[in-house]
């Protein structure tokens, strides 16, 4: 059973460029959340996708956008890159269905983005 | 805005010592999760606590959720070098739909 996978592993871009990161959720999961983790800090919630729609959004500008495909995989796009966008971008998947009051999230290994 | 404060930020101890990491907030969480993260990897879930006052044990690790569901602690007994890593607490607010609020993390180093 494959866990959450992300690609690419590492990425180097220059200021002003655009980047697309990809995530495949754990088998059986239908919800994908994206987090940004700056060096030495805890992850910050960017947004969450369920049923191909953005359901929740953290305090991130519109330069950050995403998409979820019918197979539940997801992309994170960042436009007009800034130096401060350099971080580890984490994807987490979970199953939104059921009657549980919480649904555990499983994280991928992340994509390390460096903006020069 | 919900915030989770973790303390201490850094901890360097000798093998065999005990330690406690704290996670505090002024907000109520419906669940609280503890993760461990290795360099260059994603966080790995250790435990989820959902009931106020709940205590869960995972080998030498003991997790506690505060009665008011605003705080949590992680206690490690007889720490080993393999426990070295970044420990993160993350809370899910009521009706947050899986959105997790993370603490800043506690970086633990256990020296042999």
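Chains as they are written, first to last, in our numbering: chain W, 1 to 116; chain F, 1001 to 1112.
By construction, the Cβ of each residue, glycine as well, lies at the ideal position given by its N, Cα and C atoms.
#1: So, does the CB of residue 1108/F fall closer than 8 Å to a CB anywhere in chain W?
#2: Using CA atoms only, rank isn't needed, just tell me which of 1010/F, 1019/F and 1014/F is closest to residue 1073/F.
#3: Along chain W, in chain order, which residues have C-beta atoms closer than 9 Å to that of residue 1045/F?
#4: Under 8 Å between C-beta atoms, does residue 99/W make it to chain F?
#5: Near residue 1093/F, what residues of its chain come up, given a Cβ to Cβ distance below 8 Å and the 5 sequence neighbours on each side ignored?
#6: Express the C-alpha separation of residue 29/W and residue 113/W in angstroms, rounding to a whole number.
#7: For the candidate residues 89/W, 27/W, 39/W and 82/W, whose alpha-carbon lies nearest to that of residue 66/W?
#8: So who's on the other strand from residue 87/W, going by DSSP bridges?
#9: Given 8 Å as the limit, is there contact between the segment 70-81 of chain W and the segment 1-20 of chain W, that is, 3 or more CB pairs closer than that?
#10: Go to residue 60/W, then tell me how far its beta strand (DSSP E) extends in each direction, as first and last residue.
#11: Per DSSP, residue 1025/F forms a beta bridge with which residues?
#12: Could you pull the start and end residues of the beta strand (DSSP E) that residue 72/W belongs to?
#13: Have a look at 1112/F, 1047/F, 1007/F and 1024/F and flag the residue whose alpha-carbon is nearest the alpha-carbon of residue 1066/F.
Judging by the given coordinates:
#1: no
#2: 1019/F
#3: Here the neighbours are 104, 105, 106 and 107.
#4: Because residue 99/W carries a pLDDT of 48, less than 50, the predicted location of this residue cannot be relied on, and the following value inherits that uncertainty. Closer than 8 Å: no.
#5: 1002, 1027, 1028, 1029, 1030, 1099 and 1101
#6: Looking at the backbone, the Cα of residue 113/W and that of residue 29/W are separated by about 25 Å.
#7: 89/W
#8: 113/W
#9: yes
#10: That residue, residue 60/W, is in no beta strand (DSSP E); it is neither H nor E in DSSP.
#11: DSSP lists no partner for residue 1025/F.
#12: From DSSP, residue 72/W is part of no beta strand (DSSP E); its letter is neither H nor E.
#13: By alpha-carbon distance to residue 1066/F, the top candidate from 1112/F, 1047/F, 1007/F and 1024/F is 1024/F.
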